[in-house]
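At position 1 of the sequence shown (counting the first as 1) the number is 1 in the UniProt record's numbering, and the numbers step up by one without a gap. Everything below concerns the one structure shown next.
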Amino acid sequence: MRHTGPESARGSALVWVLVVAAVLSLLAAAVARANVFGLRSATFWQERLQAFYAAESGLNVALYRLWELRETLPAPGSTDCTKSPWFESSPNDFPGKPDTGYRVCVEEGPGGRVLVARGYSGRSTRTVRLTLRRPRSAAEYFPEDRQENGVIDAGDGEWEWPEVALPDLAPPSGTPEEPELAGDPATMPPGTYRYDKLEVEKNATLRIQGPATIYVKEDVRVKDNAVLEVTGSGAVSIYVKGDFDLANRARLVRTQETALYVGKGVKWENNARVEGSGRLLIVLGGDLEVENGVAVNSGASADAMGIYLTTDASHKVKLKNNATFVGGLYAPTAAKVEIENNASLVGATVGETVTLDKNATTAWDPRVQDAPAPEAGGTGGGTWVADWGTWNEE
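And the structure:
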């Protein structure tokens, strides 16, 4: 027999209350768990983002130390930045976040040295890698897109031109003094030597046989039909603290790769000649004057010649009075580059300001991008070029 009285109704209502209470409890527990998970997730992503920005900060500090402070890139160390960092952040770098910072180290990678910046925040770590490489050719200094319609496009502040610095011009201790030279032509055998000054007088010839390294305390002067010839079976490097002058039909002839590092100025004048088949690199710490019928690399390819001025803004470059120049001329911070009075340049030039006047001409030669350029070992100023195409994060 079914009962439908008040007691039965109260029992049914109690069951529904219990069911609703259970459901609400489950919903409350789910909401609480969701809130906890959300807080943990938000904290995780916040720490992850902070770790990434910390890594980027470390990378930027490394580039600043390399390019602005001119620090030397350390040798590659352990791949674990926690064990052998080049440098790391200090507690003051991230105020209010004692568990946030970065460590930076250097690895050896397939494309060059690699800057590794490892950022951390809380339990999160992020790593950013950037491959560095030294300029390997003149393409770093004479990019094709800076030459337009055969006319020189001067530096305008929008391009980050690589810097060039002179190496140490002093001979290492124990370098022997000048060798005894005899005969005509006088011949300097392969080796390493130092001189107070080096002069090749009227109608004389000095033949340097490579491989050779020569340090000159004062000046090198070749004049009055004299010849300085670089030959032999290896490269020749000449370090000159003073000036390097050619005058009055004097000639610099090279059949071997030759590098000149000149602390002061280069002045070539009065029908002097710079010629030959060997590649010639000149890194210069003073003014460059090429004038009065001088022919530099005339008849040769533009990729056989490169002249690079260091970053002193007081430098001046003059190519004038029927002078001809074939090759690359790089002077991004020189006070003025002047090409005038029937002078001509075939190849490329870079300068803060470049002026062509009085029938001067210039033409772009793409082969100049293969010209000799300063490399490692001091002639690149310790700079490393960032290869942004290899930037990656982890």
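Think of the CB as a built atom: it goes at the ideal place given N, C-alpha and C, for glycine as much as any other residue. None of these values were measured; they are calculated from a predicted model.
| Check | Outcome |
| --- | --- |
| Label residue 57 either buried or exposed according to how many other C-beta atoms from any shown protein chain fall within 10 Å of its C-beta, with 16 as the threshold for buried. | buried |
| Look up residue 94 in the DSSP assignment and say whether it is helix, strand or coil. | coil |
| Just to confirm, are residue 239 and residue 274 a CB contact at a threshold of 8 Å? | no |
| Among residues of its own chain, excluding the 5 on either side of residue 91, which ones have a beta-carbon nearer than 7 Å to its beta-carbon? | 98 |
| Quick one, are the C-beta atoms of residue 323 and residue 291 less than 8 Å apart? | yes |
| According to the neighbour-count rule (16 or more other Cβ atoms, all chains shown, within 10 Å of its Cβ), is residue 210 buried or exposed? | buried |
| Write down every uninterrupted run of the beta strand (DSSP E) in the stretch 176 to 221 whose length is 3 residues or greater and which is fully enclosed by it, in chain order. | 186 to 188, 191 to 195, 198 to 200 and 205 to 216 |
| Counting pairs of beta carbons, one from the stretch 201 to 209 and one from the stretch 286 to 302, are three or more of them closer than 8 Å? | no |
| Quick one: complete beta strand (DSSP E) runs, 3+ long, within the UniProt domain "DUF7305" (262 to 370)? | 266 to 269, 273 to 276, 280 to 284, 288 to 291, 305 to 309, 316 to 320, 324 to 331, 336 to 340, 344 to 351, 354 to 357 and 361 to 364 |
| For the beta strand (DSSP E) containing residue 230, list its first residue and its last residue. | 227 to 240 |
| Within 10 angstroms of the Cβ of residue 70, are there 16 or more other Cβ atoms? Answer buried if so, exposed if not. | exposed |
| Considering only residues of the same chain and omitting the five flanking positions on each side of residue 258, which have a CB-CB separation below 6 Å? | 230, 236, 278 and 280 |
| Please return the same chain residues whose Cβ sits closer than 8 Å to the Cβ of residue 366, not counting the five positions on each side in sequence. | 144 |
| Look at the Cβ atom of residue 358, then the Cβ atom of residue 338, and state whether they are nearer than 8 Å. | no |
| Report the three-state DSSP secondary structure of residue 43 (helix, strand or coil). | helix |
| So is residue 102 buried or exposed if we call it buried at 16+ other beta carbons inside 10 Å? | buried |
| Look at residue 283 and residue 253 and say whether their C-beta atoms are less than 8 Å apart. | no |
| By how many angstroms is the C-alpha of residue 100 removed from the C-alpha of residue 125? | 10 Å |
| Going by beta-carbon coordinates alone, are residue 224 and residue 243 separated by less than 8 Å? | no |
| Hey, how far is the Cα of residue 50 from the Cα of residue 96? | 13 Å |
| Tell me the DSSP secondary structure of residue 244 in three-state form. | strand |
| DSSP on residue 120, reduced to helix/strand/coil? | strand |
| Considering residue 101, what are the terminal residues of the beta strand (DSSP E) in which it resides? | 100 to 109 |
| Measuring CA to CA, which of 221, 241, 261 and 340 is closest to residue 249? | 221 |
| Tell me the DSSP secondary structure of residue 254 in three-state form. | strand |
| Mind checking residue 25: buried by the 16 CB within 10 Å criterion, or exposed? | exposed |
| Return the residue from the list 304, 341 and 360 that minimises the CA-CA distance to residue 372. | 304 |
| Tell me the DSSP secondary structure of residue 128 in three-state form. | strand |
| In angstroms, rounded to a whole number, what distance separates the CA positions of residue 260 and residue 46? | 55 Å |
| By the three-class DSSP mapping on this structure, what secondary structure does residue 52 have? | helix |
| Is residue 71 helix, strand or coil when you go by DSSP? | coil |
| DSSP has residue 112 in a bridge; who is on the other side? | 109 |
| Roughly how many angstroms lie between the CA atoms of residue 75 and residue 255, to the nearest whole one? | 36 Å |
| With a CB to CB cut of under 6 Å and the five nearest residues on each side skipped, what residues in its chain are close to residue 89? | 101 and 102 |
| Can residue 287 and residue 265 be called in contact, C-beta distance under 8 Å? | yes |
| Decide if residue 173 is buried, meaning its Cβ has at least 16 other Cβ atoms within 10 Å, or exposed. | exposed |
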